[in-house]
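Please read the structure below before turning to the comments.
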Amino acid sequence: MRWFWIDRFDEFVRGRHATAVKNVSLAEEHMHDHFPGAALMPNSLIVEGMAQTAGLLVADAIDYNRRVVLAKVANAEFQFDAVPGDSIRFHASILDLKPTGSLTRVTSKVEDKVQGEAELFFAHLEPGEGVPKLFEPNELLQWLDQMHIYDIGRDEAGQPLVRPDW
Amino acid sequence: MPSRDEIFEKVKTALVDALGVDDDEVSPAATMVGDLGAESIDFLDIVFRLEKAFGIKIPRGELFPEDVLSSSEFVTNGKVNAAGIAALKSRMPFADLTKFEANPSVQNFANTLTVEDMVRYVQGKLAG
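In structure tokens:
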């Protein structure tokens, strides 16, 4: 089992911003106990969806050369619960990007309403800085394909992203 | 160049945002680690925020000289040696290292840096 908390990207502009969708379903196992008769998606998992959206945006921007690790969640606020049947749209923007880390802002919306927002700070670690290899290249590429990044992604000049040859 | 008080206010905002502490906790004498609870990853965040707030560039290791503290040349038996103290003083002219010199164990260093040191550091960068 893999830890997927976004279903696909609908918009991906290299180094700038991206929008990903997460469809909340009662078929997800954690919903059965959280809570019986009143299922809702925990906001901690919504933060994970935010982090996957922003983390892939950042990792792409640095060409997957370093491990992008969620280091801090700042100013996270939630307005209401996401429940089965909701389609959550995560919108992530890069506020600042440096070799050592990046600051992003992500909102989650259900229909047109802002459900939550947070600032996510990522550390970019080089191999050997105490972090094991997170992905095999073919598995990462499989995930990026599943997320449709190379179908809908654009670079800053508006040109389609080129799928890497790993 | 902004006044010392203006710099302090911006540093305070950066620390409140990065560390989730209250305004009134950020006094000049507060220590970054002991009083404000900064962890190593927070220093990276603080560097980002100070660079943005003041339009300055902060090279890695300049604000928090992790390379000196982890070097076998400058650390003997868990304590920063004389060469290490000299290196810290030259690298961190903005910091008051008097207390640290009295008991220079590496662990102690975390409680050396204060908010006022941050303000002096920014003053130095803006003047420089």
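Listed in order, the protein sequences are those of chains H and W. So for the first sequence, the numbering used here puts the first residue at 8; every next one is plus one. So for the second sequence, the numbering used here puts the first residue at 173; every next one is plus one. Positions of the beta carbon are idealized from the N, C-alpha and C atoms, including for glycine.
When secondary structure is reduced to three states using DSSP, residue 291 of chain W falls in the helix class. Taking C-alpha positions only, residue 240 of chain W is separated from residue 214 of chain W by approximately 19 angstroms. Residues of chain W whose Cβ lies closer than 9 angstroms to the Cβ of residue 108 of chain H are, in chain order, 213, 216, 217, 219, 220. Listed by position along chain H, the residues whose Cβ is nearer than 7 angstroms to that of residue 224 of chain W are 103. Burial state of residue 277 of chain W is exposed, judged by a 10 Å Cβ sphere holding fewer than 16 other Cβ atoms.
For residue 128 of chain H, the nearest CB of chain W lies under 7 angstroms from its own CB, placing it at the interface with that chain. Assignment of residue 77 of chain H by DSSP, reduced to helix, strand and coil, places it in the strand class.
The Cβ neighbour count for residue 237 of chain W, taken over all protein chains shown within 10 Å, is at least 16; the residue is labelled buried. Where residue 103 of chain H is concerned, the enclosing beta strand (DSSP E) starts and stops at 94-104. When 7 angstroms is used as the limit between beta carbons, residue 79 of chain H is near these residues of chain W: 213, 217, in chain order.
At a Cβ-Cβ threshold of 7 angstroms, residue 284 of chain W and residue 272 of chain W count as neighbours.
Here residue 126 of chain H carries a strand assignment [DSSP, helix/strand/coil]. Here the C-alpha atom of residue 250 of chain W lies approximately 32 angstroms from the C-alpha atom of residue 184 of chain W. Contact annotation: residue 179 of chain W and residue 295 of chain W have beta-carbon atoms nearer than 7 angstroms. The region 104-120 of chain H and the region 149-159 of chain H do not touch, with fewer than three beta-carbon pairs separated by less than 8 angstroms. Annotation for residue 27 of chain H: no alpha helix (DSSP H) segment contains it, though the beta strand (DSSP E) segment containing it runs 24-30.
Nearest Cα to residue 279 of chain W within the set W/247, W/270, W/233, W/300: W/247.
When H/131, H/128, H/171, H/134 are compared, the shortest CA-CA separation from residue 146 of chain H is found for H/171.
Within the region 177-190 of chain W, contact with chain H at the beta-carbon level (separation under 9 angstroms) is assigned to 189, 190. Per DSSP, the beta-bridge partners of residue 112 of chain H are H/100, H/126.
Contact between residue 165 of chain H and residue 101 of chain H fails: their C-beta atoms lie close to 17 angstroms from each other, not under 8 angstroms. Within chain H, the C-beta atoms nearer than 7 angstroms to that of residue 232 of chain W come from 107, in chain order. By the Cβ-count criterion, residue 212 of chain W is exposed, with fewer than 16 other Cβ atoms from all chains shown falling within 10 Å of its own Cβ.
Scanning H/38, H/43, H/44 for the CA closest to the CA of residue 50 of chain H turns up H/38. Residue 16 of chain H and residue 281 of chain W have their C-alpha atoms roughly 45 angstroms apart.
In this chain, the alpha helix (DSSP H) harbouring residue 177 of chain W covers 176-191. For residue 55 of chain H, the enclosing alpha helix (DSSP H) starts and ends at 50-68.
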